[in-house]
Amino acid sequence: MEEDVNNVQEPLIGEYKGNPVITLNPGDRYPFSFGLTKAKLILQHLDKIKEFIKQYEKHE
Numbered sequence: 001m002e003e004d005v006n007n008v009q010e011p012l013i014g015e016y017k018g019n020p021v022i023t024l025n026p027g028d029r030y031p032f033s034f035g036l037t038k039a040k041l042i043l044q045h046l047d048k049i050k051e052f053i054k055q056y057e058k059h060e
């Protein structure tokens with residue numbers, strides 16, 4: 001995962017079925033896209049996501 005983190009690309013803002021979406025690492029083999037509802041959910045749980053990364057990234 002370390003290599004992926006170093007290869008970060010600028011997010012791309014677009015549209016899907018008339019709704020705004022953001023795509024992280026748009027040039028990757030598997031880009032990650034989500035809309036406003038999921039973006040808000042991610043922000044609400046950002047601290048837990050950070051804890052999750054700290055806990056499990058050392059096992060890679």
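FYI, in our numbering the residues of the sequence shown are 1 to 60.
We put the CB at the ideal spot given by N, CA and C, even for glycine.
Could you check what DSSP says for residue i in three-state terms: helix, strand or coil?
i	result
Y16	strand
K50	helix
Using the Cα positions of residue i and residue j, report the straight-line distance between them to the nearest angstrom.
i	j	result
K58	F52	11 Å
P31	K40	19 Å
E2	K50	Confidence in E2 is poor, its pLDDT being 49 and thus under 50, which makes the residue's placement too unreliable to answer from.
N7	L36	25 Å
D47	K54	11 Å
Would you say the region 21-37 touches the region 6-13, given that touching needs at least three Cβ pairs under 8 Å? yes
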